[in-house]
Amino acid sequence: MTKSDIKNPALAESGRLRIEWARQNMPVLKQIEDRFIKEKPFQGLRLSACLHVTTETAALMRTLKSGGADVAICASNPLSTQDDVAASLVVDDGIQVFAIKGEDNPTYYKHMDACLDHHPMITMDDGADLVSTIHQKRPELATEVLAGTEETTTGVIRLRSMERDKVLKYPIVAVNDAQTKHFFDNRYGTGQSTIDGIIRATNRLMAGSHFVVAGYGWCGKGLAMRARGMGAQVIVTEVDPLPALEAIMDGFRVLPMAEAAKIGDIFCTVTGNKGVLRKEHFDKMKDGAILSNSGHFNVEIDIPALEKMSRQQRQIREFVTEYTTTDGRRINILGEGRLINLAAAEGHPSSVMDMSFAGQALTTEYIVKNYKTLEKRVYNVPREIDEKIAALKLAGMDVSIDRLTPEQSKYLSSWNEGT
Ligand code: ADE
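Position 352, counted from 1, in the sequence shown is what the numbering used here calls 1084; the numbers after and before it change by one each time, with no gaps.
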């Protein structure tokens, strides 16, 4: 019997079909998997993953297993697990899964512990919770780990802080920072899946709404672009002058949150910081305002502060909690302030996760081949991996591109030719 803690193994059939559907749009990962089946680069390798348990993640887990890895996985967010996918991974693939959608915080960390009991030689994180748990609670495991990978911006920021403070006990490769990851997943993936989550949760019309995007990083850019595409009037808030300027030149209105709070119908935070929407903003919001978050952790909206200023709280729809303030306004929080694209929808579509998870698979192979040369630092994904994924993705889309002529190659590497 495969060790696991999942909602219900009987859901496996539904999970199997949905995984099959996702895999149809993951040609890059499929090619890598076909090679791994032959070459078995991960024979004898124990890997623990803390990722959103979705159909796309299932495709990655199968690819790693096909390469010979012994895999265990837990969720990287209490609300993002797709229970049928978890069931299929256990029943059909014999992969250890510790994840149940809606698990409470103690269960979330109990599952992480179970995943670490696997004694990983590689950790694969989305948000750095495995690394953080190993460093803070189970340091004895660190000596067994060759290296880890990190999927998301928030995790990379945490890990770079650990590197700066010289506390990092093993090397990490920042998969998020590969161009084939954040140019596409963070922008087009987050852009589409966040709108999808907000619409599934609320069934509200985007057209004509005042939509406030907090944060204009790659995720904020994608979200603002897609909200505008749906006809919303988009306001961007920022703390950094450079992306603020970019947002203005991209044609968005930029305001401080204190001003935007009075205007917005729908808010979404994508900053990676905490307390982005807080009491001073709730005080100014319109009756019926909708608040959501698509950043990694559920700290961007100060929900405890909203609770304190409310006289009533009720679940008005699935994924919508309505707070009535003491002055009688209704403020709605979507998905408990957790990643709305995964809480109320299905996360990024498979076609974009194809590149992100190809990055995870090839980076894992890179670690296995190169771990002896890696130090206790945060590394970027090698350029050749990025280029390979981009080329494979184009081929998968049946798109060809031009080649430099010999004269052009020579020109680009010369310095003496002018007008
Ligand atoms: N992060 C965002 N979307 C995702 C997905 N579909 N699967 C795994 N992780 C994700």
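For every residue, glycine included, the Cβ atom is placed at its ideal position computed from N, Cα and C.
Could you check whether residue j and residue i sit closer than 8 Å to each other, using their CB atoms as the reference points?
i	j	result
MET856	ALA976	no
ALA818	ILE904	no
LEU987	ASN1025	no
ILE998	ILE1033	no
THR1057	MET1041	yes
PRO773	GLU1097	yes
PHE1089	ALA791	yes
VAL785	GLN814	yes
ALA1075	VAL1002	no
TRP869	ARG919	Inspection of the sequence shows that residue 869 is occupied by Lys rather than by Trp. No; because the gap between Cβ atoms is not below 8 Å, this pair is not in contact.
PHE943	ALA959	yes
ILE1035	ILE1065	yes
VAL822	SER736	yes
GLY923	MET957	yes
ALA964	MET938	yes
Which one or two residues does DSSP pair with residue i in a beta bridge?
i	result
CYS806	CYS782 and PHE830
ASN1112	ALA906
CYS1000	VAL945 and SER1024
GLY880	THR855 and ILE904
SER812	Looking at the DSSP assignment, SER812 forms no beta bridge with any residue, so it has no partner.
VAL1084	BP columns for VAL1084 are empty, so no partner.
SER925	DSSP lists no partner for SER925.
TYR1055	GLN1045 and ILE1063
THR969	ALA946
ARG892	BP columns for ARG892 are empty, so no partner.
ASP737	PHE830
VAL986	VAL968
LEU777	None, per the DSSP bridge assignment.
LEU1071	ASN1025
LEU1009	ILE1033
If residue i sits next to residue j, beta carbons under 8 Å apart, how far is it from one beta carbon to the other, in whole angstroms?
i	j	result
TYR948	VAL966	Rounded, the Cβ-Cβ distance is 11 Å, inconsistent with contact.
VAL760	ASP1086	5 Å
ALA804	HIS850	4 Å
LEU955	THR926	5 Å
VAL907	THR881	5 Å
ASN1005	GLY1069	Contact doesn't hold; Cβ gap of about 13 Å is too wide.
VAL1084	ASP917	5 Å
LEU749	ILE854	Rounded, the Cβ-Cβ distance is 30 Å, inconsistent with contact.
CYS1000	ILE930	7 Å
ALA754	THR787	4 Å
VAL1110	LEU891	5 Å
Flag residue i as yes when its Cβ comes closer than 7 Å to any non-hydrogen atom of ligand 1, and as no otherwise.
i	result
GLY947	no
THR855	no
SER820	no
GLY929	no
HIS784	yes
MET1085	yes
SER1026	no
LEU1074	yes
GLU788	yes
HIS914	no
GLU1078	yes
GLY921	yes
SER864	no
SER1146	no
SER925	yes
Where does residue i land, buried or exposed, given buried means 16+ other C-beta within 10 angstroms?
i	result
PRO852	buried
PRO838	exposed
GLU1078	buried
GLY1020	exposed
PRO1081	buried
GLN1044	exposed
GLU765	buried
GLN1140	exposed
ALA993	buried
THR704	Since the first residue of the chain shown is 733 and the last is 1151, residue 704 is not available in this structure.
ILE1121	buried
MET1129	exposed
MET733	exposed
ASP845	exposed
GLN1092	buried
GLU752	exposed
MET758	buried
LEU783	buried
GLY921	buried
LEU1124	buried
THR1137	exposed
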